[in-house]
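First comes the structure, then the notes that go with it.
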Amino acid sequence: MRIATWNINSVRLRIDNLVRWLKSAEPDLLCLQEIKCQNEQFPRQAIEDAGYNCVVHGQKSWNGVAILSRHPIEDTHTNLPGSSVDEQSRYVEAVISTKDGVLRVASIYLPNGNPVDTAKYPYKLEWMDRLTAHVRERLLLEEPLVLAGDYNVIPAAEDVHNPASWTEDALFRRETRDKFNTLLNLGLTDALRATTDAPGQYSFWDYQAGAWQRNLGLRIDHLLLSSQAADRLTSVHIDKEPRSWDKPSDHTPVVADFAIEAR
DNA sequence: ATGACCTTCTAGGAAGGA
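Residue numbers (UniProt numbering): 1 to 263.
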């Protein structure tokens, strides 16, 4: 079972890149973020023609998440529980059947939070609290659970080219990393860090200032695993190739393989 | 180098991103 996450930065603009990558990488499941369209605008036909079912949770103009699956999607769930309904589409969950029971996958687009002196930062922190509360409940199910997405969190200094200049940024602030660690401490495994401690494993490079050419990147796209998923993890890699294509997203896919067979 | 991008919505820039 191959599960990937990719912030596509407009699925309509990049549908050709997306189909090209699906055909070459052959993921069983792909979690997309920043689809930047409403459900009815989603390029469903091109994706179904490539052999994928989809669950889409979009909105006008911004944000939006989706999950593509080669296998039947049994159940879906959108939004996080919380005090108020979230107007921003940032969370969708899907369940598929495997030979050993269900597999649950979420596509997550965690708020950026910048600038930190605006309401955007407390919104990010509150959203992280709601995610943690929801995941705490999901873990009681004792299922293989893969929480894949753009977390907008740089977990550690080795995940950014120049950490000193990021200490006050919403992606790397102490408070942000503390909340990310609280989530991890529920018992989740950061898939990439389960396989390597190498620095510079970036998943995002800004469009500006030749960041890609100079390899000035960030690691902010993560797959966090329940113990039942982590036990079956066989390999993880960041596929940098789509970042080199024409008209790329500023993010590139992170891919994890599991010893789990679809039914 | 006080430089440098990209997308949506909509018709010119504003807003959002990271």
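C-beta: ideal position from N, C-alpha, C; glycine also.
In this text, all values refer to a predicted model and were calculated from it rather than measured experimentally.
According to the DSSP assignment, T176 belongs to the alpha helix (DSSP H) that extends over 174–184. Looking from the CA of C37, the closest CA among R20, P242, A66, P163 belongs to A66.
Here the alpha carbon of V146 sits roughly 20 angstroms from the alpha carbon of F204. Under the three-state reduction of DSSP output, S97 falls in the strand class. Membership of W6 in any alpha helix (DSSP H) is not indicated; the residue belongs instead to the beta strand (DSSP E) covering 2–7. For R90, the number of other beta carbons within 10 angstroms of its own is at least 16, and it is reported as buried. Distance from the CA of Y109 to the CA of A4, rounded to the nearest whole angstrom, comes to 14 angstroms. A straight line joining the alpha-carbon of R193 with that of Y52 spans about 29 angstroms. Under the three-state reduction of DSSP, V135 is assigned to helix. In this structure, the alpha-carbon of D150 lies about 15 angstroms from that of L184. Counting only the Cα atoms, F258 lies some 9 angstroms from D231.
In the DSSP assignment, N53 falls within the beta strand (DSSP E) that extends over 53–57.
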